[in-house]
Amino acid sequence: MKKYATLVQEAISAAKNQDWEEAVEINTELLSRSENDLGAMNRLGLAYMHLKKPVKARQAFKAVLEKDKSNLIARKHLANLKNKSVATAPLSNTYFIEEPGKTKITELHRLARKDVLSKLRVGQTCKIFVKKDKYISVETEDGKYIGALPDDLSYRLNKLIRRGNEYACLIHSFADNNCSVHLREVRTSPKNKHLQSFPVSKTSTTSTPANIDEEFLIEDDIPVETGEQEDDRNDDFEDTLEKINKGEDY
């Protein structure tokens, strides 16, 4: 039997490769081992969306919210399903998949004015700068200030950057009074080779038993067929979870 952490990495790879059938299979197996793996539930819902099975996708995201009402990924995709979003562009690198220790989605502090935030777009490339008082600011590529990383994260990344690490930053989500960014370590300095940029919390309620903290965000617009008649009688997500809970084969 494969290790849990290995399966998680395979699930992430399946999503990166857009192999959605494989993603369904792997994430279903993960849920058979750990019914509280919110990452697997979100990935499963995402795979069903791309397979044009909105009923199953909706069930997966609702299952996430039953355990974590504030889960932004599940809420976002449920809203898209409700609005029956239609794709305006093919899949591209405008989606994010987190990798343990290498990436992090975080909410910015000390935000810019609403007129600045309103001009942002999801997936927009940003730059980060270490300031004299050691906080890290996030700015657009043309130099407009957006916000600052939380103090604890600024303190950690400040040290790693000064020792040679480099990071990419993209807009993850935003509104009039909040903005989140997706940070990714793109260069690891030899001086930091034994240090994680974003240590995984062992107490996180959304982590897997292998202490893997990974989430992902796929672009807003995924095809949702409005007239689809799905047959969920033999492959219903809720039935699968019930069987998992009872220890039955699924």
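Numbering of the sequence shown is given in this note's numbering, commencing with residue 343 and proceeding in unit increments. Beta carbons are placed, not taken as given, at the ideal position from N, Cα and C, and that holds for glycine. Fair warning: this is a prediction, and the values are worked out from it, not measured in the lab.
Assign residue i to buried or exposed, taking buried as 16 or more other Cβ atoms, counted over all protein chains shown, within 10 Å of its Cβ.
{"i": "D379", "result": "buried"}
{"i": "M343", "result": "exposed"}
{"i": "K411", "result": "exposed"}
{"i": "Q360", "result": "exposed"}
{"i": "G506", "result": "exposed"}
{"i": "V528", "result": "exposed"}
{"i": "K461", "result": "exposed"}
{"i": "N520", "result": "exposed"}
{"i": "R400", "result": "buried"}
{"i": "A421", "result": "exposed"}
Apart from the five residues on each side of it in sequence, which residues of its chain come closer than 7 Å, Cβ to Cβ, to residue i?
{"i": "E371", "result": "L349"}
{"i": "T467", "result": "E483, L512"}
{"i": "K409", "result": "N378, L380"}
{"i": "P492", "result": "T448, H451"}
{"i": "N413", "result": "L380, V406, L407"}
{"i": "K533", "result": "R505, G506"}
Could you check how far apart the C-beta atoms of residue i and residue j are, in whole angstroms? I think they sit under 8 Å.
{"i": "L388", "j": "A347", "result": "About 20 Å separates the two Cβ atoms, so there is no contact after all."}
{"i": "R516", "j": "L459", "result": "Looking at the sequence itself, residue 516 is Phe, so the reference to Arg does not match. Right, the Cβ-Cβ distance comes to about 5 Å (below 8 Å), so this counts as a contact."}
{"i": "T445", "j": "L525", "result": "6 Å"}
{"i": "L386", "j": "A402", "result": "5 Å"}
{"i": "A416", "j": "N384", "result": "6 Å"}
Does DSSP classify residue i as helix, strand or coil?
{"i": "H536", "result": "coil"}
{"i": "E527", "result": "strand"}
{"i": "K469", "result": "strand"}
{"i": "G489", "result": "strand"}
{"i": "L512", "result": "strand"}
{"i": "S460", "result": "coil"}
{"i": "V366", "result": "helix"}
{"i": "E441", "result": "coil"}
{"i": "V406", "result": "helix"}
{"i": "V350", "result": "helix"}
{"i": "E377", "result": "coil"}
{"i": "K446", "result": "strand"}
{"i": "V542", "result": "coil"}
{"i": "A412", "result": "Position check: residue 412 holds Ser in this sequence, whereas Ala was assumed. DSSP places S412 in coil when its eight states are reduced to three."}
{"i": "E481", "result": "strand"}
Once you ignore the five residues that flank residue i on each side, which residues in its own chain have a CB closer than 8 Å to its CB?
{"i": "R504", "result": "V472"}
In chain order, what residues of the same chain have a beta carbon less than 6 Å from the beta carbon of residue i, not counting five sequence neighbours either side?
{"i": "Y477", "result": "A490, S496"}
{"i": "V366", "result": "A389"}
{"i": "E352", "result": "I368"}
{"i": "H392", "result": "W362"}
{"i": "E364", "result": "A356"}
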